[in-house]
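Below is one structure; the comments refer to it alone.
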Amino acid sequence: MADKKILITGGAGFIGGNFVHHMVTKYPEYMIYNLDLLTYAGELAKHNSLVENPNYKFIQADIADYELIMNIFKKEEFDYVVHFAAESHVDRSITDPSIFVKTNVMGTQALLDAAKEIGVEKFVHVSTDEVYGELDFDPTTFFTEETPLQPNSPYSASKAASDFLVRSYHETFGLPINITRCSNNYGPYHFPEKLIPLTISRVHNDQNVPVYGNGQNIRDWLHVEDHCKAIDLVLHEGTDGEVYNVGGHNEKTNLEVVKTIIKHLGKSEELIEFVEDRLGHDKRYAIDPSKLEALGWKPEHNFDSGIKHTIEWYLENEEWWKPLLDKGVEV
Ligand code: NAD
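Each position in the sequence shown, counted from 1, maps to that position plus 39 in the numbering used here.
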C-alpha cells in the first residue's frame, strides 16, 4: 500500500517530466500518477524506464475536461497534487491566446474543484516569474513574493489568472495550497522550441540562430534539477497558503547564452542572426529566492557548469530531440 498518492499534471513535459523522475527515485514508498494530455509538448519516451514500475501510472487526460478530472480524482483519491500542466510557450500565446485561457485558467479551475471535492492534503501550483511583469536593467532590483502581478503576455496573463484562482480556493474554501514562481529553467528534456535547446540543435547543425532584438533581454536561469528539489521541499515543508519564488542567481542576457553555447560547441558567432523583437518582450527577470532559502533550499548548479552538462546531454541524446524537430516543431 503506497504511503502517499501524488498526482503530477504535465509530467510528460519538460519540468514535470524531470519532477516525475525525481519523485519516483526519491520516494519509492509513494505512488506517482502522471496526468498529461500529450499535446505537441508532451511525450512519454522520457519515461520508458518507468513503464514497468508498479509505483508509476500514466493517465492521459485533458485538465480542462471538468467531468473527467472530477471522476479521476474521486477514483484515485490523491493525497497531493503538483500542477505543471500548461501551455507554456510565450510566442504561441501571441499567435493563439485562447488555448492558453482554456488550459491554464479553466484547466486549473477544474483541478482545484476536484482537489476541494476529495480534500487533498496539499495542492502545489507551479507558476512563473513572468506574472510579475518585467524589471528594468538595474541589477539591484528583484522580484519578491510581494511584487504586484503585472503580466505582459497572454501566457503570463493566463498564469497570473490561475495563480489568483489558486489563492482564492485557499482564502474561500481553505484548500491547502502553495504557489511557486520560478525563473527560466534549463536542463535535460527541454522541448526544442525553447531558446537553449533550440540554440544547441541549430548550432550543432551549423544553422543560423535567431536572436530577438539586440539580444540584451535578461533571464535568470535555473537548472531543472534545482527546481525539482525546490518543489519537493515546498510540497513537504511549505507553509500553507504561501507563495515561494525559485531562482538560480544566474542572470544572463540572451546573447550571452547563445554565445556561451556557440563557444562550447566550437562554432562561429557568425551563426547569430538578429531578428525582429518579440511583441511585448519583457526586458529583465530576476528572482529574490530568500524566502525559499530560509526553508532550506539553495541552488546546486551554477550556469557555467549547468550549461556545459546540458549541452553534453543534448549531444548524447539526439535520438530524443531530433524526431521532435523532424515532426515540424514551429520555432
Ligand atoms: P512544457 O510545455 O514542457 O510541458 C507542459 C506539459 O503539459 C506537456 O506535457 C503537455 O502535454 C501538458 N499539457 C498541456 N495542456 C494540457 C492539458 N490541457 N491537459 C493535460 N496536460 C496538458 O512546460 P514546462 O516548461 O515543463 O513548464 C511546466 C510548468 O512550469 C508550466 O506551468 C509553466 O508555466 C511553468 N514554468 C516553466 C518555466 C520554464 O522555464 N520552462 C519557467 C517558469 C514556469
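Using N, Cα and C, we set each Cβ at its ideal position, and we do this for glycine too.
(1) With DSSP run on the structure shown, which of helix, strand or coil describes S166?
(2) When you measure from the CB of T78 to every non-hydrogen atom of the ligand NAD, does any distance come out below 8 Å?
(3) Can you round the beta-carbon distance between E308 and K298 to whole angstroms, since I take them to be within the 8 Å contact cut?
(4) Would you decide whether I175 is buried or exposed? Buried here means 16 or more other CB atoms lie within 10 Å of its CB.
(5) Rounded to whole angstroms, what's the CA-CA distance from F162 to K330? Just pull it up for me.
(6) Following the continuous beta strand (DSSP E) through H266, name the residue where it begins and the one where it ends.
(7) Going by beta carbon distance, what residues of the same chain come within less than 6 Å of N57, once the five residues before and after it are set aside?
(8) Go ahead and label L74 buried or exposed: buried means 16 or more other beta carbons lie within 10 angstroms of its beta carbon, across all protein chains shown.
(9) Ignoring anything shorter than 4 residues or poking outside the stretch 48-127, list the alpha helix (DSSP H) runs there in chain order.
(10) Mind checking whether T349 and P187 have CB atoms under 9 Å apart?
(11) For N284, name the three-state secondary structure that DSSP assigns.
(12) Within the present structure, is the beta-carbon of S166 separated from the nearest heavy atom of the ligand NAD by less than 8 Å?
(13) Helix, strand or coil: which one does DSSP assign to N223?
(14) Please return the same chain residues whose Cβ sits closer than 6 Å to the Cβ of Y225, not counting the five positions on each side in sequence.
(15) What's the C-alpha gap between K431 and I111?
(16) By how many angstroms is the C-alpha of D42 removed from the C-alpha of V370?
(17) Cβ of C267 within 8 Å of any heavy atom in the ligand ZN?
(18) Check whether the Cβ atoms of V250 and L294 lie closer than 9 Å to each other.
(19) Could you compute how far the alpha carbon of N87 sits from the alpha carbon of R220?
(20) Can you find a heavy atom of the ligand NAD that lies under 8 Å from the Cβ of G172?
(21) The ligand NAD and F97: does any heavy atom of the ligand fall closer than 8 Å to the residue's C-beta?
By the coordinates alone:
(1) Counting from 1 along the sequence shown, the entry for residue 166 is found at position 127. Of the three classes helix, strand and coil, the one that applies to S166 here is strand, per DSSP.
(2) Position 39 of the sequence shown holds residue 78. Annotation for T78 indicates a beta carbon within 8 Å of some heavy atom of the ligand NAD.
(3) By 1-based counting over the sequence shown, the position of residue 308 is 269. By 1-based counting over the sequence shown, the position of residue 298 is 259. The beta carbons of E308 and K298 sit about 6 Å from each other, so the pair counts as a contact at 8 Å.
(4) Locating residue 175 in the sequence shown gives position 136, counting from the first residue. Strictly speaking, residue 175 in this sequence is Asp, with Ile absent from that position. With fewer than 16 other Cβ atoms within 10 Å, it is exposed.
(5) The residue labelled residue 162 in the question sits at position 123 within the sequence shown. The residue labelled residue 330 in the question sits at position 291 within the sequence shown. If you take the alpha carbons of F162 and K330, they lie about 19 Å apart.
(6) The residue you call residue 266 lines up with position 227 of the sequence shown. It is not in any beta strand (DSSP E) - H266 instead sits in the alpha helix (DSSP H) that spans V263 to E276.
(7) The residue given as residue 57 occupies position 18 in the sequence shown. In its chain, beyond the 5 residues on either side, V263 and C267 have a beta carbon closer than 6 Å to the beta carbon of N57.
(8) The count along the sequence shown starts at 1 and reaches residue 74 at position 35. Burial state of L74 is buried, judged by a 10 Å Cβ sphere holding 16 or more other Cβ atoms.
(9) If we require 4 residues or more, the alpha helix (DSSP H) runs fully inside the stretch 48-127 come out as 53-65 and 105-115.
(10) Mapped onto the sequence shown, residue 349 falls at position 310. Mapped onto the sequence shown, residue 187 falls at position 148. No, the pair does not count as a contact, with Cβ atoms beyond the cut-off.
(11) Along the sequence shown, read from residue 1 onward, the residue named residue 284 stands at position 245. Strand at N284.
(12) Indexing the sequence shown from 1 puts residue 166 at position 127. Correct: S166 has its Cβ closer than 8 Å to the ligand NAD.
(13) Here the question's residue 223 lines up with position 184 in the sequence shown. Three-state DSSP puts N223 in coil, outside helix and strand.
(14) As a working mapping, residue 225 is identified with position 186 in the sequence shown. Only I235, W260 and T349 meet the Cβ criterion.
(15) Examination of residue 431 is not possible in this model, given that the chain is present from 40 through 370 alone.
(16) Locating residue 370 in the sequence shown gives position 331, counting from the first residue. Locating residue 42 in the sequence shown gives position 3, counting from the first residue. Model confidence at V370 stands at a pLDDT of 43, short of 50, so the residue's coordinates are unreliable; what they give is reported in the following sentence. Their Cα atoms are separated by approximately 43 Å.
(17) The model depicted lacks the ligand ZN and carries the ligand NAD instead.
(18) Locating residue 250 in the sequence shown gives position 211, counting from the first residue. Locating residue 294 in the sequence shown gives position 255, counting from the first residue. If you check the CB distance, V250 and L294 come in under 9 Å.
(19) As a position in the sequence shown, residue 87 is number 48, starting the count at 1. As a position in the sequence shown, residue 220 is number 181, starting the count at 1. In this structure, the CA atom of N87 is about 29 Å from the CA atom of R220.
(20) What you label residue 172 is simply residue 133 of the sequence shown in a count that begins at 1. Answer for G172: no, Cβ out of range of the ligand NAD.
(21) If you number the sequence shown from 1, residue 97 lands on position 58. At a threshold of 8 Å, F97 does not count as near the ligand NAD, since its beta carbon sits no closer than that to any of the ligand's heavy atoms.
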